[in-house]
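Trainee: Structure below; questions to follow.
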Amino acid sequence: RDKNAAAQTQRSQHQQHNVVPMPLVTGEALANPYVVRRDDFRRLPRWPNDGIEQERKKNRESGQDSTCLGRIETDDPDTIAMTELLGGYPSKLPLSEIEPEGGTEAEPIGFIRSLPFMFQKTAAKEQSNLPIAKSHLIEAYKRKHADVRRILKEINCEKCVYKGSCDESRFPDFRTIIVPLFQKNLASDKNVELLFGKVSHVRHILLEFGAQLADPPPENSPAGKVLSQFLYVPEVKATPAPKSCAECGHVSDEDCSKCSACKTVAYCSADCQRKHWPIHKPDCLRAQGKGVSEKVAAKAQRKVEEKAALERSHKSKECEQVKKQFEDDFTAYASEGPGEHWAHDCSGKRLRIHVPTVYADQMIGNIAKIFLQLREEQIVSLGMFPDGIDPDKYGFRGTELKDPRTDARILVLFERLFADEGRGGGVGLHIDGVFVVENVVGGAARWKLVPEPKASYTREDNRLHKMVKYLELAKRKAKSVPEVI
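To get our numbering, take the position in the sequence shown, counting from 1, and add 1415.
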């Protein structure tokens, strides 16, 4: 009888305030413009000066510049639609000819179909302002804004926002609020503005998790595990961020206790509280409605600067330790005897370790600089593979090298290898291939694999000697390529 009475009271309150409890829904049943698959470019939400508009403007102003998107002759309606949307098209093949492999079930999202989504998300991230969104929600909650509190109660987030309003360091992750808003069909522009001030402040989160709810990732995948942390569960209250020590940063609800005077910060020990007191004192006094003298404020500022200098010193020492570790690893790599070393990639495939240590990316750049006078331009992660490089044969990670005398480019693609049959920590890299530009056609570079010079290896050559010989051959074959190409 008590349960029925409570349910009846809750229904009457919702009717009184015109808030109707919504059933928990997922996928296509979610009635929100942001709940759209990444590859469904026709239905992407739009707003003034969004990423798609910026890309269209760039393509209009760039003319025939090879850095802009081009156009192709085709009857494929999807390709035509994307060309009209972006003012250009990013491939030489129509969408109908580059559909992702794997059939119709569990089909992976194609990179090109998702390109408009990426433009939108990048622009939304640039236009976001999470600090203002947080301040707006805290202020609205403190003012006891009725609609804001009703929405938070509907998604079981009232308690965690209350905790965040008392101690901003405990303000919940925005996803804790936004994902349940979607699931309860409460993520309208009006509600988002009530909570966060403007939709633009949190639009990048709306885009990212709207896409995940429209096409949920596998539960056991990294993305699926992250999403599961924020899903709405009836009768389960969302939790605030755990307490953290204002002095040392230790995170623990059990170990940290709030300042008894202001209740706005927490400490893991009396020692940390004593050390932090000169810095905290002005804020503590203000939180209690008391005045702060110039002497107290000046001392706090001085202590803040001293603490920042100490943190910079610690960071510098850490960098020195990393540098020394790298030098030790490089020395061991250079002085090792001939032999082969093997490990597994993340899928469990057994491959030869060409470059050891967790600093293997840096190792390639340093080898190229020390022995061949090449410069490391960047670490790359390929979305679309350049012409001439088969994505089915080679890894998408790599290092781009440049000969500063000739502007010739070399691309080294690799796979990361791990201990314990791919389940442990990183142990090095397997070089998939070294590529140079073969020719330039239509303003685009076509790359060519440089065969590994195994015939030039001797019995005395260790892994470093072989790597130098491989890069040396690539340097000889690399052609000068203009920066724009």
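Where is the CB? At the ideal position from N, CA and C, for every residue including glycine.
Closer than 7 angstroms by C-beta to residue 1696: which residues in its own chain qualify, once you throw out the five before and the five after it? Chain order, please.
Mentor: 1711 and 1715
Trainee: For the candidate residues 1673, 1690 and 1757, whose alpha-carbon lies nearest to that of residue 1765?
Mentor: 1757
Trainee: So residue 1527 and residue 1547 are supposed to be a Cβ contact under 8 angstroms. How far apart are they, rounded?
Mentor: Contact doesn't hold; Cβ gap of about 35 angstroms is too wide.
Trainee: Using a 10 Å radius around the Cβ and a threshold of 16 neighbouring Cβ atoms, would you call residue 1538 buried or exposed?
Mentor: buried
Trainee: How would you call residue 1659, buried or exposed, if buried means at least 16 neighbouring beta carbons within 10 angstroms?
Mentor: buried
Trainee: If you measure between the beta carbons of residue 1889 and residue 1865, is that distance less than 7 angstroms?
Mentor: yes
Trainee: Per DSSP, what kind of secondary structure is residue 1588 in: helix, strand or coil?
Mentor: Of the three classes helix, strand and coil, the one that applies to residue 1588 here is coil, per DSSP.
Trainee: Would a C-beta distance cut-off of 7 angstroms place residue 1828 and residue 1848 closer than the cut-off?
Mentor: yes
Trainee: Bridge partners of residue 1796, per DSSP?
Mentor: 1812, per the DSSP bridge assignment.
Trainee: Between 1876, 1648 and 1535, which has its C-alpha nearest residue 1619's C-alpha?
Mentor: Closest in C-alpha terms to residue 1619, from the list 1876, 1648 and 1535, comes 1535.
Trainee: May I have the straight-line CA-CA distance separating residue 1777 from residue 1895, to the nearest angstrom?
Mentor: In a straight line, the C-alpha of residue 1777 is about 24 angstroms away from that of residue 1895.
Trainee: What does DSSP give as the partner residues of residue 1851 in its beta bridges?
Mentor: 1825 and 1863
Trainee: If you draw a straight line from the alpha carbon of residue 1882 to that of residue 1791, how long is it in whole angstroms?
Mentor: 15 angstroms
Trainee: Excluding the 5 residues preceding and the 5 following residue 1532 in the sequence, name in chain order all residues of the same chain whose CB lies nearer than 8 angstroms to its CB.
Mentor: The beta carbon of residue 1532 sits closer than 8 angstroms to those of 1453, 1454, 1456, 1459, 1622 and 1626, all from its chain and outside the five residues before and after it, given in chain order.
Trainee: For residue 1651, which of helix, strand or coil comes out of DSSP?
Mentor: coil
Trainee: My understanding is that residue 1832 touches residue 1759, with C-beta atoms under 8 angstroms, so please give their C-beta distance in whole angstroms.
Mentor: 6 angstroms
Trainee: Who does residue 1780 pair with in a DSSP beta bridge?
Mentor: According to DSSP, residue 1780 bridges with nothing at all.
Trainee: Quick check on the burial criterion: 16 or more other C-beta atoms within 10 angstroms. Buried or exposed for residue 1856?
Mentor: exposed
Trainee: Under three-state DSSP, which class holds residue 1753?
Mentor: coil
Trainee: Which of the three DSSP states is assigned to residue 1771 in this structure?
Mentor: strand
Trainee: Going by alpha carbons, who is nearest to residue 1654 out of 1871, 1587 and 1488?
Mentor: 1587
Trainee: Looking only at its chain, what residues have a beta carbon closer than 7 angstroms to the beta carbon of residue 1779, apart from the 5 residues adjacent to it on each side?
Mentor: 1770, 1814 and 1827
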